[in-house]
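Have a look at the structure below, then the notes.
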Amino acid sequence: MEHMHQKLLIIDFGSQVTQLIARRLRELNVYCEIHPFQNVTEEFLTQFAPKAVILSGGPASVIDEGSPRPPMAVFEMGIPVLGICYGQQVMMHCLGGKVERGHGTAEFGRAYVSPKASLGLLDGWFEDGDEQVWMSHGDHVSAIAPGFEVYGTSPNAPFAVTADPAREFYAVQFHPEVHHTPKGAQLYENFIRRAGFVGDWTMGAYREQALQAIRDQVGDQKVICGLSGGVDSSVAAVLIHEAIGDQLTCVFVDHGLLREGEADEVIGMFRDHY
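For what it's worth, the numbering used here labels the leading residue of the sequence shown as 3, then goes sequentially.
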């Protein structure tokens, strides 16, 4: 059953905090999916039909040969795009800007961004002066792409916030998704509002959808679920149990990596409650 919600696509370039981007968006009742850049082809984009795209951070260097790229089609769909950290660099690189290494501009940790011009993406920022953000980058943008302007700078990032508002392309050198960027959630909210999301998606509705999808797939068959007690298998077991009841048999697999007494807890919880 295909959901009719407005969808946002997060293209993952391998950042350790990409999941936090999704979390921020889900807190804003936006349906989003994370897909690794390798899987995002032009064909995938057409099928997924996102209303907006976020390019995540990542450990690679844009300058290196063979480093990750989004398909150019992302920038040709006429939808808002937000690039974060590596996402900013790859956006600049793809659209005609320049990225360079080092030269004392690497930043890891807290930094403060000052406004250069007003921008809808930054509504609610700078009310009490400069904004604290979290930086984590070795390379830096040394020339922005044609059509872009600078809207925020930090001591080591002259292009901390760049944008081409006409095309609704935004790029930031910092990570708004982490709590070390206190007003990061506001930035994401501004982005999705600009992209026209109504924010009508909820986890509860998604659960109903997931249950129905399981019922459709299983029919009257039986299912065996290997249960380790970790988050993934536990969520899978509970969902499948809710969907098909007695057609499910869970097999507890004690892989020896649980904490003391945890195996008994897992068995007890599932035996007594499910």
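Each residue gets a CB set at the ideal place from its N, CA and C atoms; glycine is no exception.
Taking DSSP's pairing of strands, which residues face residue i in a bridge?
i      : result
Cys227 : Cys252
Gly154 : Pro117, Val163
Gln134 : Tyr114
Val83  : Val55, Phe171
Val101 : Val143
Leu1   : Given that the chain is displayed from residue 3 to residue 276, the structure contains no residue 1 and the question cannot be resolved.
Leu123 : Paired residue(s): none; Leu123 is not in a bridge.
Leu10  : Cys34, Ala54
Leaving out five residues before and five after residue i in sequence, what residues of the same chain have Cβ atoms less than 8 Å from its Cβ?
i      : result
Asp222 : Gln249
Ala165 : Leu121, Leu123, Phe150, Glu151, Tyr153, Phe171, Tyr172, Ala173
Glu264 : Gly231
Glu29  : Ala187
Tyr114 : Asp132, Glu133, Gln134, Val135, Ser156, Pro157
Val225 : Ile242, Ile246, Gln249, Leu250, Thr251
Ala197 : Leu10, Lys53, Ala54, Ile81, Pro82, Glu170
Can you find the residues in the same chain that come closer than 7 Å, C-beta to C-beta, to residue i, ignoring five residues on each side of it along the sequence?
i      : result
Glu109 : Met137, His139, Asn158, Ala159
Thr204 : Asn31
His257 : Ser230
Ala212 : Leu241
Helix, strand or coil for residue i, going by three-state DSSP, please let me know.
i      : result
Val180 : coil
Ser235 : helix
His5   : Low confidence applies to His5: its pLDDT is 49, below 50, so where it sits in the model is not reliable, and the reading given next is rough at best. In this structure, His5 counts as coil in the three-state DSSP scheme.
Tyr208 : helix
Leu57  : strand
Glu35  : strand
Val268 : helix
Glu129 : coil
Phe15  : coil
Glu109 : strand
Met259 : Strictly speaking, residue 259 in this sequence is Leu, with Met absent from that position. Note: Leu259 maps to coil in three-state DSSP.
Leu30  : coil
Gly247 : helix
Arg217 : helix
Ala62  : coil
Arg273 : helix
Arg196 : helix
Thr48  : helix
Val42  : coil
Gly149 : coil
Glu191 : helix
Gly201 : coil
Glu78  : helix
Lys89  : Before going on, a small fix: residue 89 reads as Gly here, not Lys. Helix, per DSSP.
Gly186 : helix
Here's a check: name, in chain order, each residue in its chain whose Cβ is nearer than 6 Å to the Cβ of residue i, leaving out the five neighbours to either side.
i      : result
Arg273 : none
Ala119 : Tyr153
Glu262 : none
Ala162 : Val115, Gly154, Thr155, Ser156, Gln175
Assuming the contact rule is C-beta atoms closer than 8 Å, residue i and residue j should be a hit. Round their C-beta distance to whole Å, please.
i      : j      : result
Arg103 : Ile65  : 6 Å
Pro73  : Glu44  : 5 Å
Val240 : Tyr208 : Their Cβ separation, rounded to whole angstroms, is 14 Å, which puts Val240 and Tyr208 out of contact at 8 Å.
Tyr33  : Leu10  : 7 Å
Val200 : Val143 : Going by Cβ atoms, the distance from Val200 to Val143 rounds to 33 Å, so no, they are not a contact pair.
Is residue i near the ligand FAD - that is, is its Cβ less than 7 Å away from at least one heavy atom of it?
i      : result
Thr251 : As presented, the structure is devoid of all ligands, the ligand FAD included, so that no description of it is given.
- prompt: Per the contact definition of three or more C-beta pairs closer than 8 Å, is the region 33–40 in contact with the region 175–184?
  reply: Under the 8 Å Cβ criterion, the region 175–184 does not count as touching the region 33–40, having fewer than three qualifying pairs.
- request: Say whether the region 71–84 touches the region 43–57, bearing in mind that this needs 3 or more beta-carbon pairs closer than 8 Å, one atom from each stretch.
  value: Here the region 71–84 lies against the region 43–57, with 3 or more beta-carbon pairs under 8 Å apart.
message: So, does the region 13–20 touch the region 184–197, judging by three or more C-beta pairs under 8 Å?
response: These segments do not touch.
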